Amino acid sequence: MGLRIAIDTGGTFTDVVAIDEADGSRYALKTPSTPADPSVGLLDGVRKAAEAASAEQDALACLLHGSTTATNAVLQHQFDGLGLIVTEGFRHVIEIARQSVPDGYGNSFFWVKPPRLVPLHLVREVKGRMTHRGEELEALDEQRLVEAVGALAERGVVCVAVCFLHAYANDAHERRAGALIARHYPDLFVSLSSVVLPEYREYERAMTTLIDVLVKPYCQTYLRSAASRIGAGEGGAPFLIMQSNGGVVRHATAGERPVTMLLSGPAAGVLGAVHMARLAGFEDVLTLDVGGTSTDISLVEGLKPQLTSQSLVEHYPVKTPMLDIATVGAGGGSLAWVDDYGALKVGPESAGADPGPICYGRGGTRPTVTDAALVLGRLPDRLIGGGLTLDAAAAREGFVRLGKRFDLSPEETAAGVFEIAAANQVHGIRQVTTSRGREPGRYVLAAFGGAGGMFAAEVADFLAIGRILSPPDPGNLSAFGLHVSDIKRDYVRTLVRQQAGADAGEIDGAWRELEEIGRAEVMAEGVTATRIELRRSADVRYVGEGHEVPVEIPPGVAGADAVAAMWSSFHRVHADAFGFDYEGRQDVEVVNLRVQVIGRVERPAAHELPGGDGPAAPVAERPVYWRDTGWVACPVYRREALSPGNRLDGPLIVEEYGSTVVVPAAWRIACDRYGNLVMEKVR
Amino acid sequence: MTKKDAKAMLGPIELEVIVGAVRSAELEIEAAVERTARSPMIRDQHDYRVALFDAKGRKLTGRSYSALVEPVFEYFGADDIHEGDVFFWNDPYNSAGGIGHVPDLCTTIPIFHEGRLIGFSQVFGHHDDVGGSVPGSLPVHATDMWSEGLVVPPIKLYERGVLNKAAYTIIGRNSRLADHLEGDVDAEIGAARLGSARVVAMAERYGADVLEAAFDAIVENCAETLRRELLPKIADGVYHWEDYIENDGVDPPRLHALRLTMTKTPEKITLDFTGTDPETKGPINWPIDYAEGRFVRKWMAPVLRSLADSPERAAEIDMNEGVLDVIDVVFPGKGTLVTPTFGRPTGMRFFILLRALGVFAACLSKATGGRMPADHETIRIWGLHGRAESGDFYLFREVLGGGGPGRPWADGSDVVHIVPNSRNLPAEFSETRYPIRIERLGLNRDSGGAGYRRGGLGYDKRIRVLEDSTLLSNADRAMLNTYGVNGGEPGAPYAISVTGPEGDERQVAGMADGIEAKAGSVVRIATTGGGGWGDALRREPATVCRDVESGLVSAAAARERYGVVVTREGADWRVDDAATLSLRAEMAARRGPLPLFDRGPYFEDRKAEGAIAWPDGWSDPDAGWLAQSEGAARDAAE
C-alpha cells in the first residue's frame, strides 16, 4: 500500500491532493508552479505530499497529473521547425482553411488572416492518391517523399506532420511515409493524420495533426524527464496523465499522441465536480471553475460531462474529443477599468499573480474583482492558510478613485464591478447552455476554483438558477478530480454510409475492429480485462446536412442490434439537439464510428464527515455590502466547523482554506455528509 | 418616472451589463438559428441576419446589418402591435428597403414587459426555395419579381399568439421544399423569441425605464464613436465615384453603373446615388429608396470601420441605429438600379449591394489620401448538377470567396467571404457526396493585385467531373477586375472553364447555366484576387521574394510588377539587390504618375473604345486623382 498523489499544474500554483491507500487519509497542499521547467514543481509536489503524509518517497503508489505543457506549447507561438507534407494539389490547404472570416458582416475589408502554423515554403506536396473508399488511385511517390522531407530538414524542420487526402479511409500511404521518414530521418518528430485523427475533412485533420506534432517535443521531453526524476513510469509506480477527454492514460501513451493533453488542466476539475455532484445526489450540473484570470464553464447531463469535437485552441481547430468547456476572461484577478468613452469594464485583462490585486500589496495599483470582494466585506482581510494579510484600506482607496469617475461610492462601485464580472461569466454560460438548446435554470451550479464560491450566487441570480453546489476544498477540486478519473481512450474511423442500402455487417465489423485495437491498448495500460468497458457511438446526420450529431449505443448492445439502435435513436438525438427530426421522411447517413474504451479505476472511498453536535456557531461577524440593502452585519462561519445537517439562512459568509463562499440574504445553505454545501434560493 | 429620472438611474453598471446582454443575446439568437434552421444556406453558409431593436424600431445590435422594423409601423400602426404577434414579410417593394430579394423571409416579434412595448427581435434568412421559376428561387434570367418566388407583403403570421394557418399553409405550399421552409420559419420565430426573453430579463432586473435609457445610450455611443474616431479622418468635401455590374442576365452584357456622390462635412456624410444607370430587365435591381434610406445608410456605414486605428479596433466598433445621425442618403427619381419601379426582378441584388460598399470605399479613399482598402469581390455561386449513377438528382453548389483587399496595414487575406463564418466544402466531403474528384484546391498564383500591400489571392480549384453533368455559374467581376487603390494594381477577375476529356478547353461566362460537362472533364474555377494597395515598386524585396518562394507570386510577376529580381540557388530564392535597384529605377522612370484607382485592362479597353459614357453633370470620377506620394503612402501605412 502506498500514496496516490494527484498533481494539477496551474499557471501560478501547483495543487496537490494525496490519498493514503492504507487508511484513506487525504493531504491537500499548494506549491508554486515552475513554468520554466514544470517538472521541478511536480517534483516539489511529490516531495511535499510525501512529507505531509510522513511517507517515504518510494511509497508512491501512483502519480496522477494534469499538465499545461501542451497548451503552453501552443500559446507560446514558437512554431519554428514545423513542416507539413500533403497530397499533390493541396499545398494551400491550411492557407485556405475554411475561407471563413470571424465575427461581423463585412469584416473581410479589414480582418487580417493570422499567420499559419506552417509557412508555405515548408509545406510540400507528394504524389499519391486514395479515393474516399480507400482505393489507391495513384501510388505514393516514395522518392519524392524522401526528397521533400530532406528539403524540410535542411531548412531546420524538426517536426513533420503528414496529411494525405482520404488517409482516414486507407492509411497505407501515410504509414509508408512514416516508415520512410523514420528510416531516413530518425531524429525528426513525426505525426500521421491517420493516427492522430482518422476522420474526414482535410483541413481540420491537418491542423489537428500539426498541433499534435508541434507539442510532441515539449510533451515527450517533459514527461520523460518528470518520470525519470520521480522514478515513476517504467518499472516504477504508474504515472498517469489527464487528457482532454476526461480520462487518464500512462505517460508514454500520452506522449505518443500529445494533442490529447490540451485540456489536461480544466478537464480534471469537471471530473471532480461530477464526483461530488454524484455524492450530493445531483445529475445535471453546470460547472463554474473560477480562477485568477479566467472561468471555465461546462455542462454535465446525467453525470456525464458533455464532449465536443469542435474545439479551437487559439484560432486553431483541434478535433480530437474534448470535454466541452467554454472559457471566459473573468476571474478574481480581472481588472476594472474605464474605456475611452467612459464605460466601466471588467477584464479580460488580469492583474495575474504579479503584481496581483491592490490588496496583495505587491505593487498592484489597478482595482480587481478580488479587491472589490474585499471592499464589500465578502473576503476576509487575512486569507486562511495563505498567511497573506490583505490591505483593505488600499483596495478601498482604489475604488474611491474609480468611483469618483462616476460619482459613485466606493462600495457601490465595487458591487458594480462584481456584478459586471458575474454578467461576463453569465454570457459564457449561455454559450454552453441556451446556445446548445439547454435552459440553465434546470441545472445545479457547481462552483469551485479559488473564487467560485464568491461568484456563484450572483451568477445564479442572472440565470434563474435555484441551486448551487459548493464542494469541499473547492480550490483543490481539480487535483482531487484526478483521483476519480478512469483510463479512457477514444477511437474513431470515418465510414460514410447511407441507411438505405447500408451493410450492417460492415458497420458492426468496423466498430469491432476499433474495439479490439482499443481493448488491447487499454490492457497494455495495465487494466485487467474485467474492468474494461466499451462504448460505441457514431456521428450521424440526415443526408444533405453539413454537420453530425453523436449517437450513443447503449452498453452491451452489439452486432446488427447496435447498427439498428444507431439508426433508430438518431432521430431522437437530432430532435434533442436541434429541435426537429425527419423520422420516416429523410434518409440518414453515418459518418464516423467511434469507440471509447474505459478502464475503470478504483475510486477512493467517499470521505464522510462525522455527525455534528447541534447548530453551527459563527466565528465572527462583519459588515458585508449588498447592492440592494447596503451594509449588513453578517455572521462568518468556518467551513470545517459545519456538520452534516446544519442549515443556515443567508446573508452569511463561509470561509475555508483558499476559498470563500458568499451566501446572500435570499439563499439558504445545508451541509451534507460529504462536506458539500448545497445552497438553495428560498425567495 | 420621467425620462430624465431614468437617465439618472442608469449608472455605468447597468449600462455595461445591458450592453453585454444585448451583445450576448445577438450571439444566442444566431446560435439558435444555426441550431434549428434547416436550409443549408442558413445553417452552413450562414446566410441569415439577426437583430434587436428598441420600441421605436431603432437597431441596437451592432455586429451585422439587419432588415428594418418600419414595415410593422407602416402596415399596422402603434395600436395594432400586441404581445404574441409575429410579423412576417419578404416583399422587396414593401419592406422599407430592408429586404432585397424574395428568398429572404423576415420574421419580427414585438417585445413586451408588463404590457409595455419595449423592443423588437428580428431574424431573416436566405431560404432554399420560395417558389418561382427555378429551384433555389434565384433565376438568372428573371424579368419580373413574380418569377423569382412567392411575395409576402407585411402580415401577421401570428396574431396574439395564434397562428394564421391559412397564410402558413399558402407560404409552405409555394415552396418546392415546404418542409425546409416551414422548419426554417419556425426556427426563426423560436430564435427571435429567445432574443425577446433576454430583453425582458433585463427589464425585470433593472426596470423598463432604465432599459430604455440604456438603449438611448447604446445608440448615442455608436454615433459618438463615429464622430470621434472615424469622421475626423475624412477630409471635408464632395467626392464622386462609380462602379459597374457586367451583366443583368437578360440583355447582352454591358456595364451598368452605380454612381455615388459623397459629401463630407464636419458632422455628416451624405451619400447621393443620383446618376445611377436605369433599372434593368434582369434581376440586378435593388429597391432601397424607402424610409429615408435607413436600410442602405446602415448597410453602408460599416465601411467606415476600415478607418479605425487598427483592425482589432475596427472589429470592436458596433454599428447600430446611431449611424443614422452621421449618414444621410439622397436617391435619384424612380427607375434606376437603386430605385426600381415596382415588380422589377431583384434576385441577384448581391452584386450591386457589394458594389455599393466599393464605391463608398473609393470615395473615402479620395477623402483620406488613399488610406482605404482596395476592392474585393466575395460572393458568387457555382455548381454542378445531374443524375448520379444511382439515378438520383444531385446539386453541388458552392459559395466561394475571393482575395481580400490590400490595405495600408496588411496584404489582403486570401479567399475571404464577406458573410461571417461562411465555410467552403472540404474536398473529402465533396468527393464522398458527389461524383467529382478535387484535383487541386489551391490559391491562384498572381491573382492578387500587385502593390505595396498585395491583394489577397483567389481560388484555383480544379474539379474532375466523373459523370456527365451540367455546370452553372453566377458571378460578377468575370470581366472587370477588382480595383487597386493608391497606386496598387487590380486583382485578377473570375474565370471558369471546362476542359473536355480530349483536352479542349472552353471558357464559360460568369453568368451561365446549362453548360455541359462530360464525364472526365475538368472544371477550373479561378475566383477574383483582391486589388493591391500602394506602389508595388515600394514593396519590400524580401517580402516579394517570400511570396515567390511560397508560390503566391511568380518570378516573372516579381520582376514585371514589383521590379524585384529573384534568383534561385538550389532550393533557396534570393533577391538580387543590385539588379532590383536598377530595374526599379528604370521602371519608375518609365512610368507616369500612378493613379489613385486602377480598374484594370478590361475597363481601360472599354474606355478606349468609348463604351464608358457619363450622364449630364457627371464627369470621369478617376480623372485627376493620383496616388499619394511615396512618403505620404508610407505615412498612411504607418
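If you read the protein sequences in the order shown, they are chains F and Y. Count along the first sequence starting at 1, add 86, and that's the number in this note's numbering. Count along the second sequence starting at 1, add 27, and that's the number in this note's numbering. Glycine included, C-beta positions come from ideal geometry on N, C-alpha and C. Note that the structure is a prediction, hence the values are computed from the model and not measured.
Need the endpoints of the alpha helix (DSSP H) that residue i sits in, please.
{"i": "Y:Ile236", "result": "As written in the sequence, residue 236 of chain Y is Asp, which differs from the Ile given in the question. Per DSSP, Y:Asp236 belongs to the alpha helix (DSSP H) from 235 to 252."}
{"i": "Y:Glu487", "result": "Residue identity check: residue 487 of chain Y is Asp in the sequence provided, not Glu. Y:Asp487 -> not in any alpha helix (DSSP H); beta strand (DSSP E) instead, spanning 486 to 492."}
{"i": "Y:Arg324", "result": "321 to 327"}
{"i": "F:Leu620", "result": "That residue, F:Leu620, is in no alpha helix (DSSP H); its beta strand (DSSP E) goes 618 to 628."}
{"i": "Y:Ile315", "result": "Counting along the chain, Y:Ile315 falls outside any alpha helix (DSSP H), and DSSP gives it neither H nor E."}
{"i": "F:His401", "result": "Element bounds for F:His401: n/a, residue is neither H nor E."}
{"i": "F:Lys490", "result": "478 to 490"}
So what does DSSP say about residue i, is it helix, strand or coil?
{"i": "F:Asp375", "result": "strand"}
{"i": "Y:Ala664", "result": "Summary for Y:Ala664: the model assigns pLDDT 44, below 50, so the residue's position carries little reliability, and this model does not support an answer."}
{"i": "F:Trp653", "result": "helix"}
{"i": "Y:Ile197", "result": "helix"}
{"i": "F:Glu222", "result": "strand"}
{"i": "Y:Ile523", "result": "strand"}
{"i": "F:Val749", "result": "strand"}
{"i": "F:Tyr577", "result": "strand"}
{"i": "F:Asp189", "result": "coil"}
{"i": "F:Ala437", "result": "coil"}
{"i": "F:Ser280", "result": "helix"}
{"i": "Y:Gly47", "result": "helix"}
{"i": "F:Asp594", "result": "helix"}
{"i": "Y:Leu54", "result": "helix"}
{"i": "Y:Leu610", "result": "helix"}
{"i": "Y:Ala94", "result": "coil"}
{"i": "Y:Asp574", "result": "helix"}
{"i": "Y:Phe456", "result": "helix"}
Identify every residue that forms a DSSP beta bridge with residue i.
{"i": "F:Ala104", "result": "F:Ile91, F:Tyr113"}
{"i": "F:Lys390", "result": "F:Glu387"}
{"i": "Y:Asp604", "result": "Its beta-bridge partners do not exist; DSSP assigns none."}
{"i": "F:Trp423", "result": "F:Lys431"}
{"i": "Y:Gly142", "result": "Paired residues: none, contrary to the question."}
{"i": "Y:Ala553", "result": "Y:Asp487, Y:Ala522"}
Can you tell which of the options has its C-alpha closest to the C-alpha of residue i?
{"i": "F:Leu349", "options": "F:Ala366, F:Val376, F:Glu602, F:Asp382", "result": "F:Asp382"}
{"i": "F:Phe485", "options": "F:Leu430, F:Ala532, F:Pro441", "result": "F:Leu430"}
{"i": "Y:Glu348", "options": "Y:Pro620, Y:Tyr92, Y:Ser646", "result": "Y:Tyr92"}
{"i": "Y:Trp645", "options": "Y:Arg321, Y:Ala284, Y:Pro628", "result": "Y:Ala284"}
{"i": "F:Ser397", "options": "F:Val764, F:Thr98, F:Leu409", "result": "F:Leu409"}
{"i": "Y:Thr88", "options": "F:Tyr113, F:Ala108, F:Asp189", "result": "F:Asp189"}
{"i": "F:Leu128", "options": "F:Gly447, F:Leu476, F:Ala663, F:Ala318", "result": "F:Ala318"}
{"i": "Y:Ala383", "options": "Y:Leu184, Y:Tyr271, Y:Ser548, Y:Ala241", "result": "Y:Tyr271"}
{"i": "F:Val503", "options": "F:Gly433, F:His657, F:Ser655, F:Gly744", "result": "F:Gly433"}
Hey, could you find the ends of the beta strand (DSSP E) residue i is sitting in?
{"i": "Y:Lys183", "result": "182 to 186"}
{"i": "F:Tyr668", "result": "Careful: F:Tyr668 lies outside any beta strand (DSSP E) and carries neither H nor E."}
{"i": "Y:Gly264", "result": "264 to 272"}
{"i": "F:Trp712", "result": "706 to 712"}
{"i": "Y:Gly469", "result": "463 to 470"}
{"i": "Y:Arg434", "result": "Unbroken run through Y:Arg434: none, as it is neither H nor E."}
Flag residue i as yes when its Cβ comes closer than 7 Å to any non-hydrogen atom of the ligand MG, and as no otherwise.
{"i": "F:Ser564", "result": "Within the structure as shown, the ligand MG is missing, as the structure has no ligands at all."}
- Query: Name the residues in the stretch 189 to 219 of chain F whose C-beta lies less than 8 Å from a C-beta of chain Y; which are they?
  - Reply: Asp189, Gly190, Tyr191, Gly192, Asn193, Ser194, Phe195, Phe196, Trp197, Val198, Lys199, Pro205, Leu206, His207, Thr217, His218
- Query: According to a CB-to-CB cut-off of less than 7 Å, which residues of the stretch 429 to 460 of chain F neighbour chain Y?
  - Reply: Ala429, Leu430, Lys431
- Item | Within 8 Å of chain F by C-beta, residues of the stretch 569 to 593 of chain Y in sequence order | Arg573, Glu576, Ser577, Gly578, Leu579
- Item | Selection of the stretch 172 to 186 of chain F by Cβ proximity to chain Y, strictly under 7 Å | Gly175, Phe176, Arg177, His178, Val179, Glu181, Ile182, Arg184, Gln185, Ser186
- Item | Contact list for the stretch 115 to 129 of chain Y against chain F, Cβ threshold 8 Å | Per Cβ criterion, the list is empty.
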